[in-house]
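To start, the structure under review is shown below, and the notes come after it.
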Amino acid sequence: MAYFQFDELRKIAKYVIENDFRDAEKDDLQTATGLTFSAPATHSAWRNYSRILKIALLVREANGRAEPTPVALALARPGEVTCDEYLHFLACAFTEPSPALQDWRPDAPFRYPLLFALKYLLIKTGMGVDPPGATLAEIVGAYGSSGFVGDEREDEFAGVALAASAHPSFVAGRDFRQERESLRVIAQLSYLHYEGQTLSVALTASDAANLFEQLMPVDGARARTRDAEIQRLARLFDSGDARPASDFGQRITLAIADTGFREGSKLTRAHVTIERNARLRREFFSARNTTVCDMCVMDTARSYPWTTGVLDLHHLLPLSSGTRVTAHGTRLEDLVPVCPSCHRAVHRYYDQWLQDHGRPDFLDMADAKAAYDSAKAEYPGFVPHV
């Protein structure tokens, strides 16, 4: 899972552009990316990780080397692609069988398991099914028992969603570790939340229904070979023609002006969608149980004793990033509680910081955290009106 975190994929993308991964040494990889590429001493990094890089559409084999794809080139440029854009495309393009694996052939009957998972979650949200969300076992079971490709109509998905209670039995007693890992990858999407083996959607019913309609398989005439197919898909992503729209949350888009950002770009929308994720917010404050702003140190419970829930969540990762996910759930360590005034001020600080540095986004997590710490250091404390 660590290698499929969006910010780590961006580091790997930079590496494969500058180096031939077929010749990569594990120590060099670890130095360049900060990731632990563990493998038996007899195995090369390429032997162990080529499948991951190909599934992620970062490399293809050509001319005796591992060549970076247009997807790798796009991910390596800060602010070029958001986590939502990339994962939506990956979900719409990833097939069973996959061109990253040996059993792929151009005339195979293709299915789209990640696209199915997203549309299944979205249809449940759009229908207002209670309880909201779905366990990983339910999603995998629904995919297996339905036989769906992933491009079925809304009413067809609705029929599968209404039989939700029956789906987990389809995978009872079966190890579906790979499917679980794949679902945790898409859990990085800004509007999803993962907790206790359950994925849930933090969108309104109308926004969920609109996104359901936007997500469609990336198909077309298949290439003749596996690596040529990887390149074909990567070029479709680079062209932008096959990317699902990133402006899928009307409620978030309308709220951008209230967050302190000067512009409602795709980067700020992705950032704010995470910060406004109601399920993530609920889990954070349930786990942290704090009423103190991380920046101005105001105790909102004492300052506003007549109300609760005053604090916002601020996401510390780059604007284009999604949430980070572990086997246990969405990481809370990348979030800090801030009062609304400080939150708006931090976003204004980010605008100015990025403009001063000539960048659309932060380079990485350390860069974003440094900007936040800089804003905290410049805050002089509460200054009363004289």
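With our numbering applied, the sequence shown corresponds to residues 870 to 1255, in that order.
Backbone N, C-alpha and C define an ideal beta-carbon position, used for all residues, glycine too.
- Here residue 931 really is in contact with residue 1096; their C-beta atoms are around 6 Å apart, less than 8 Å.
- If you draw a straight line from the Cα of residue 956 to the Cα of residue 911, it comes to about 33 Å.
- The beta carbon of residue 875 lies closer than 7 Å to those of 952, 955, 1057, 1190, 1191 in the same chain, with the five residues before and after it left out.
- Sixteen is the threshold: when 16 or more other Cβ atoms of the shown chains lie within 10 Å of the Cβ of residue 1222, as they do, the residue is buried.
- For residue 954, the enclosing alpha helix (DSSP H) covers residues 952-962.
- In chain order, 979, 980, 981 place their CB closer than 7 Å to the CB of residue 964, counting only its own chain and leaving out the 5 sequence neighbours on each side.
- Just so you know, the alpha carbons of residue 880 and residue 936 end up roughly 16 Å apart.
- Your pair residue 1152 and residue 1183 does not check out as a contact, with CB atoms roughly 16 Å apart and the cut at 8 Å.
- The stretch 1063-1083 makes no contact with the stretch 1218-1235; the number of CB pairs closer than 8 Å stays below 3.
- Runs of the alpha helix (DSSP H) spanning 4 or more residues and lying entirely within the stretch 1182-1246 occur at 1209-1226, in chain order.
- For residue 974, the secondary structure class from DSSP, reduced to helix, strand or coil, is coil.
- Contact between the stretch 1001-1015 and the stretch 1027-1039 is present, with at least three C-beta pairs closer than 8 Å.
- Under the 10 Å beta carbon count, residue 1024 is surrounded by fewer than 16 other beta carbons and is classified as exposed.
- In this structure, residue 1010 places its C-beta atom within 8 Å of the C-beta atom of residue 1040.
- Collapsing the DSSP output to three states places residue 937 in a strand.
- Three or more Cβ pairs closer than 8 Å define a contact, and the stretch 1161-1181 meets that threshold against the stretch 1198-1208.
- Spanning the alpha carbons of residue 1185 and residue 1176 requires a straight line of approximately 26 Å.
- Contact check for residue 895 and residue 914: beta-carbon distance about 5 Å, within the 8 Å limit, so the pair qualifies.
- Take residue 1230, set aside five residues on each side of it, and the residues of its chain with a beta-carbon closer than 8 Å to its own are 947, 948, 1136, 1187, 1188, 1189, 1223, in chain order.
- Take residue 904, set aside five residues on each side of it, and the residues of its chain with a beta-carbon closer than 8 Å to its own are 871, 872, 877, 880, 881, 898, in chain order.
- When the Cα atoms are used, residue 1101 and residue 944 turn out to be separated by approximately 17 Å.
- Under the DSSP assignment, residue 920 falls in the alpha helix (DSSP H) whose first and last residues are 914-924.
- For residue 1178, same chain residues with a beta-carbon under 8 Å away, outside a window of 5 residues either side, are 1154 in chain order.
- DSSP, reduced to helix, strand and coil, places residue 879 within a helical segment of the structure shown.
- By the 16-neighbour rule on beta-carbons within 10 angstroms, residue 1202 is exposed.
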